[in-house]
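Engineer: After the structure tokens below, expect a handful of questions from me.
Chains as they are written, first to last, in my numbering: chain A, -14 to 415; chain B, 2 to 221.
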């Protein structure tokens, strides 16, 4: 079995069975100790499950890094209305490709995590909102859920404990914004995936107006391991504030792109140079986006200092996001790539808030002008000023995600922009 | 599935360290004989997304599709939540979601036609007009773009002789740009109907198109 590119530096907790096609089968999964954590959890009080996850210090893997146990503890303790657990499998942040692997190689790990999570928050129904493009993944998940129903791990009276939890795999239809938690809820209700103003928070008024919790695929996939081995066990990796392991999706100009599960706090430069075999074609490192397209990019100098945990990334002026490391070498056309990202956000803006709807399209137009050699230096000031007004002024953070790459690239790679502007001016003069 | 071998198994195509069959990677051996377009007890629609053969005039919500529709309704506390899965079924059957289909869906779910139109046009996966038998979606977002996605897109356009978004004369191909398909480590990623092709280079394009033509002939 060869999952392409495995590194000795890896600690494979949730990715242990990547590349093993037999692991999708429920018999294999159970033989390897699967659903033992569910059994253990169901014997505990729901709050004890939440406490164990709190003790592990697990932080949400979807991007924001909010502590999972604390999120669960916001749910009402005495349910008077139905509770829902939503699994966010709408993976669509450019640079991110971990959830697809988690779901297609180890679907039962996610299902077990969903069941434990649902039990902890006293939910009787789990919706796995999986992006529609993932046709194969949807099929694999569906089959796995059906197998789990047949064996009595899902459905009524799970393992004879009297607990009932149903799981529905729901397919999206192609909208980035549905990965935002309240956008996902709108979409699940059969509406346009428009984010909602918070408060009320999902734990009070979530999907179908009921208390809900939303967790990322990777977060829920870790949960069975934490329940089985204890919260303390999970803290043997990572840092005090960012414990555990994380899947790093590395793409772009490295020799060995792929998913690597590493302890949080791993040095970024070691990830690039050692784990991923360095920059392709012997080129030089130019810039890195460490957390998916929505976070600020950093230059090579900062990349050498950056430690990959939630705090370490903030120290060099960026964010860990969902740990989607996009690497660019010195030949990369930076302005074009930034423009491509902004085009994406302009396309995916849901259109509710003016700063985002107008700002993203306008930003894209200016960037295209610069790329085509028609820009002026004043355009850069306009971009900075405008994107500043796009931060914190909208319902969700899609607008902020436009600002991040634009502002960071102008402040750190101004010369790239100026070169295009100057060469355009020269061509105009000639 | 077609027997025509294809050098690009997706996922790990270029690594040379790959010892699984394509079937194993895609989980086809695991999914087994499951009907491609069948209801599933746990999945709202199991949308094949695009069948090669489609009939824009097909009757909606009869027979098997009627069964699936009923099953979908049981999975949500509110009827409206069935809207996306139901639109997906329409597309599976007819290949696109026409205004007339939307009206029918509205009627079925007690929604206003304007509401259904508002939702359907929000999502990119619903084709608002007919597309070719093979809808080729080339990801040109950052990770793929860094590794030459623009050239792959150009190769598809050239080989199919189409303009971006237009359908070829024989009705076989429509080539469009896609936003990130979440396969960034295996660039360039191309989604053709429901299948991902990964690690695609411009040189692979003629082979992929030939594979599709043979497959269409076998299936049709």
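Beta carbons are placed, not taken as given, at the ideal position from N, Cα and C, and that holds for glycine. Computed from a predicted model, the values in this text were never measured in an experiment.
#1: Of all the residues that make up the stretch 367 to 397 of chain A, which are near chain B by a beta-carbon distance shorter than 8 Å?
#2: Assign residue 106(A) to buried or exposed, taking buried as 16 or more other Cβ atoms, counted over all protein chains shown, within 10 Å of its Cβ.
#3: Can you name, in chain order, every residue of its own chain whose Cβ lies under 7 Å from the Cβ of residue 8(A), other than the five neighbours on each side?
#4: Give the range of the alpha helix (DSSP H) segment to which residue 328(A) is assigned.
#5: For the stretch 22 to 34 of chain B, list every residue whose C-beta sits within 9 Å of some C-beta in chain A, in sequence order.
#6: Between 169(B), 21(B), 128(B), which has its C-alpha nearest residue 224(B)'s C-alpha?
#7: For residue 182(B), go through chain A and note every residue whose CB falls closer than 8 Å to its CB, in chain order.
#8: If we ignore side chains and look at the alpha-carbon of each, how far apart do residue 24(A) and residue 39(A) end up?
#9: Is the separation between the beta-carbon of residue 277(A) and that of residue 309(A) shorter than 7 Å?
#10: Look up residue 128(B) in the DSSP assignment and say whether it is helix, strand or coil.
#11: Does the stretch -11 to -4 of chain A come close enough to the stretch 258 to 275 of chain A that 3 or more CB-CB pairs lie under 8 Å?
#12: In the DSSP assignment, find the unbroken beta strand (DSSP E) run with residue 313(A) in it and report its ends.
#13: Within the same chain, show all residues whose beta-carbon is closer than 6 Å to that of residue 235(A), passing over the 5 residues directly before and after it, in chain order.
#14: Once DSSP output is grouped into helix, strand and coil, what is the label at residue 41(B)?
#15: What does the Cβ neighbour count give for residue 120(B), buried or exposed, with the cut at 16 atoms within 10 Å?
#16: Could you give the uninterrupted runs of the alpha helix (DSSP H) lying entirely in the stretch 214 to 292 of chain A, keeping only those of 4 residues or more?
#17: Any idea which residues DSSP pairs residue 175(B) with across the strands?
#18: Listing by chain order, which chain D residues have their CB less than 7 Å from the CB of residue 82(B)?
#19: Determine which residues of the stretch 311 to 332 of chain A have a Cβ less than 7 Å from any Cβ of chain B, and write them out in chain order.
#20: Restricting to Cα atoms, I'd like to know which of 151(A), 122(A), 281(A) is closest to residue 135(A).
#21: Classify residue 412(A): buried if its beta carbon has 16 or more other beta carbons within 10 angstroms, exposed otherwise.
#22: Going by C-alpha to C-alpha distance, which of 215(B), 98(B), 133(B) sits closest to residue 117(B)?
#23: Below 6 Å CB to CB, which residues in the same chain sit around residue 196(A) once its five sequence neighbours on both sides are set aside?
#24: Would you be able to state if there are at least three C-beta pairs under 8 Å between the stretch 197 to 207 of chain B and the stretch 149 to 160 of chain B?
#25: Assign residue 190(A) to one of three DSSP states: helix, strand, or coil.
#26: Put residue 418(A) into one of helix, strand or coil per three-state DSSP.
#27: Assuming residue 307(A) contacts residue 275(A) under a Cβ cut-off of 8 Å, what Cβ separation, rounded to an integer in Å, is found between them?
#28: Between the stretch 120 to 148 of chain B and chain A, which residues of the former have CB atoms less than 8 Å from a CB of the latter, in chain order?
#29: Given this structure, state the Cα-to-Cα distance separating residue 272(A) from residue 264(A), to the nearest angstrom.
#30: Considering Cα atoms alone, identify which of 240(A), -2(A), 56(A) is closest to residue 148(B).
#31: With which residues is residue 67(B) paired in a DSSP beta bridge?
#32: Name the residue from 403(A), 115(A), 100(A), 117(A) whose alpha carbon lies nearest to the alpha carbon of residue 109(A).
#33: Do you know how far the Cα of residue 373(A) is from the Cα of residue 156(A)?
#34: Would you mind reading off the limits of the beta strand (DSSP E) that contains residue 194(B)?
#35: Is it the case that the stretch 206 to 214 of chain A contacts the stretch 66 to 83 of chain A, given that we only count it when at least three CB pairs across the two stretches are under 8 Å?
#36: For the stretch 343 to 357 of chain A against the stretch 317 to 327 of chain A, do three or more pairs of beta-carbon atoms, one drawn from each stretch, fall closer than 8 Å, so that the two count as touching?
Structural biologist: With the structure as the only source:
#1: Taking 8 Å as the Cβ-Cβ cut-off against chain B, none of the residues of the stretch 367 to 397 of chain A qualify.
#2: Looking at its Cβ environment, which holds 16 or more other Cβ atoms inside 10 Å, residue 106(A) is buried.
#3: Counting only Cβ-Cβ distances below 7 Å, and skipping sequence neighbours, we find 2, 14, 90, 91.
#4: DSSP places residue 328(A) inside the alpha helix (DSSP H), whose first and last residues are 319 to 333.
#5: Residues of the stretch 22 to 34 of chain B with a C-beta atom less than 9 Å from some C-beta of chain A are 22, 24, 25, 26, 27, 28, 29, 30, 31, 32, 33, listed in chain order.
#6: Here chain B comprises residues numbered 2 to 221, so residue 224(B) is not present and cannot be evaluated.
#7: Near residue 182(B) (Cβ distances below 8 Å), the residues of chain A are 118.
#8: Cα to Cα, residue 24(A) sits roughly 19 Å from residue 39(A).
#9: Taking 7 Å as the Cβ cut-off, residue 277(A) and residue 309(A) qualify as a contacting pair.
#10: Of the three classes helix, strand and coil, the one that applies to residue 128(B) here is coil, per DSSP.
#11: Contact holds: three or more Cβ-Cβ distances are below 8 Å.
#12: 309 to 314 is the span of the beta strand (DSSP E), which, as asked, contains residue 313(A).
#13: Excluding positions up to five away in sequence, the list reads 242, 261, 310.
#14: Confidence at residue 41(B) is low in this model, with a pLDDT of 47, below 50, so its placement is unreliable and no value can be given for it.
#15: It counts as buried.
#16: Counting whole runs of 4 or more residues, the stretch 214 to 292 of chain A contains the alpha helix (DSSP H) stretches 216 to 219, 285 to 290.
#17: Partner(s): 136(B), 168(B).
#18: Absent from the structure is chain D; the protein chains it does hold are A and B.
#19: Residues of the stretch 311 to 332 of chain A with a Cβ closer than 7 Å to any Cβ of chain B, in chain order: 311, 313, 317, 322, 325, 326, 329, 332.
#20: Looking at the Cα atoms, 151(A) is the closest of the given residues.
#21: Exposed.
#22: Nearest of 215(B), 98(B), 133(B) to residue 117(B), Cα basis: 98(B).
#23: Correct list, in chain order: 60, 61, 68, 188.
#24: As far as the Cβ criterion goes, the stretch 149 to 160 of chain B touches the stretch 197 to 207 of chain B, which means the pair count is three or higher.
#25: Taken through DSSP and simplified to helix, strand or coil, residue 190(A) comes out as coil.
#26: Examination of residue 418(A) is not possible in this model, given that chain A is present from -14 through 415 alone.
#27: With a Cβ gap of about 10 Å, residue 307(A) and residue 275(A) do not count as contacting.
#28: Answer set for the stretch 120 to 148 of chain B: 120, 123, 124, 125, 126, 127, 141, 142, 143, 144, 146, 147, 148.
#29: Cα to Cα, residue 272(A) sits roughly 11 Å from residue 264(A).
#30: Comparing Cα-Cα distances from residue 148(B) to each of 240(A), -2(A), 56(A), the minimum goes to 240(A).
#31: Residue pairing by DSSP leaves residue 67(B) without any beta bridge partner.
#32: Put simply, of 403(A), 115(A), 100(A), 117(A) the residue whose alpha carbon is nearest the alpha carbon of residue 109(A) is 100(A).
#33: C-alpha separation (whole angstroms): 35 Å.
#34: For residue 194(B), there is no enclosing beta strand (DSSP E), as DSSP gives it neither H nor E.
#35: Contact fails between the stretch 66 to 83 of chain A and the stretch 206 to 214 of chain A, because fewer than three Cβ pairs, one in each stretch, are under 8 Å apart.
#36: They touch, by the three-pair rule.
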